[in-house]
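Participant: I have a structure I would like to understand better, so I am pasting it below and will then ask my questions one at a time.
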Amino acid sequence: MLIKSVLEEKIISKARKGDQKAQRYLFDSYARPMFLLCLRYVKVQEDAEDLLSSGFTKAFANLDSFEYRSEASFEVWLKRILINECLMFLRKQNKAPLMVEPDESLISTHEDVIDMLSADTLFGLILHLPEGYRTVFNLFEIEGYTHKEIAEKLGITEGTSKSQLSKAKAALKETIIKKGLNYAS
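Its first residue numbered 1, the sequence shown is counted upward by one per residue in full-length UniProt numbering.
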């Protein structure tokens, strides 16, 4: 992997200098996973494509602030930019989480049901969550943010973040039960 990291570091260095081939290589290398990341937040393909484009534009414009540390550091840095783009988009759309009214009819079930679904099945279910639930679920469960970090990013309290996560999990479980999905889907 040393060869790959040296190559990536050289490509990033060229991209910093405005080399379009290097920028294209980075875009081609990271576009698919970053598009899927955007799609987890915004549901509509065209919006996700726009966010992907604006995120890469912002990343290339700010490459001077990026410090190469390891093979994964660029991806992590790029991911943060795209997550922030998605959150700003949601805020502008007045869809920033929050507050989906509690649904007392949500069915409680085993905590690990969600962990047992295939990635594709879970991705599809996440897309159908209300904006607030989906945003907090993505930030906490997938991106690894703490409730404190989520609260700061979204301008909510830690308690609200925890509540939205709990409601997201309950909504996912309810959907799983209603659809009769088996754990190995």
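Every residue gets a Cβ at the ideal spot worked out from N, C-alpha and C, and that includes glycine.
Relative to the alpha-carbon of Tyr68, which residue among Met34, Val6 and Lys167 has its alpha-carbon at the smallest distance?
Facilitator: To locate residue 68, count along the sequence shown from 1; it is residue 68. The residue with the shortest Cα to Cα distance from Tyr68 is Val6.
Participant: According to the Cβ coordinates, are Gly132 and Gln164 closer than 7 Å?
Facilitator: On the sequence shown, position 132 is the one that residue 132 refers to. On the sequence shown, position 164 is the one that residue 164 refers to. Yes; because the gap between Cβ atoms is below 7 Å, this pair is in contact.
Participant: State the DSSP-derived secondary structure class of Asn84, mapped to helix, strand or coil.
Facilitator: Your numbering for residue 84 matches position 84 in the sequence shown. Residue state, collapsed to three classes: helix.
Participant: So, using beta-carbon positions, are Leu63 and Arg16 closer together than 7 Å?
Facilitator: Indexing the sequence shown from 1 puts residue 63 at position 63. Indexing the sequence shown from 1 puts residue 16 at position 16. Yes, they are a contact pair.
Participant: Can you tell me where the alpha helix (DSSP H) with Val136 in it begins and where it stops?
Facilitator: Position 136 of the sequence shown, counted from the start, is the residue given in the question as residue 136. Counting along the chain, the alpha helix (DSSP H) containing Val136 begins and ends at Glu131 to Phe137.
Participant: What's the C-alpha gap between Ala31 and Lys178?
Facilitator: In the sequence shown, counting from the first residue as 1, residue 31 sits at position 31. In the sequence shown, counting from the first residue as 1, residue 178 sits at position 178. When rounded, the distance between both Cα atoms is 34 Å.
Participant: Between Ala151 and the rest of its own chain, which residues show a CB-CB distance below 8 Å, the 5 nearest in sequence each way excluded?
Facilitator: Along the sequence shown, one-based indexing puts residue 151 at 151. So the list reads Thr157, Glu158, Thr160 and Ser161, once near-sequence residues are dropped.
Participant: Would you call Arg91 buried or exposed, if buried means 16 or more other Cβ atoms sit within 10 Å of its Cβ?
Facilitator: Along the sequence shown, one-based indexing puts residue 91 at 91. Classification of Arg91: exposed, given that the 10 Å Cβ count is below 16.
Participant: If distances are taken between C-alpha atoms only, which option among Ser73, Glu46, Ala72 and Trp77 comes closest to Phe56?
Facilitator: As a first step, residue 56 is located in the sequence shown; it is residue number 56 there, counting from the start. It is Trp77.
Participant: Quick check on Met34: buried or exposed, where buried means 16 or more other Cβ atoms within 10 Å of its Cβ?
Facilitator: Position 34 of the sequence shown, counted from the first residue, corresponds to residue 34. Classification of Met34: buried, given that the 10 Å Cβ count is 16 or more.
Participant: How is the alpha helix (DSSP H) around Thr146 delimited, first residue to last?
Facilitator: Numbered from its first residue, the sequence shown carries residue 146 at position 146. Element bounds for Thr146: n/a, residue is neither H nor E.
Participant: Compare the C-alpha of Asp47 against each of Ile81, Asn138, Arg134 and Glu85 and name the closest.
Facilitator: Residue mapping note: residue 47 aligns to position 47 of the sequence shown, counting from 1. When only C-alpha atoms are compared, the closest one is Glu85.
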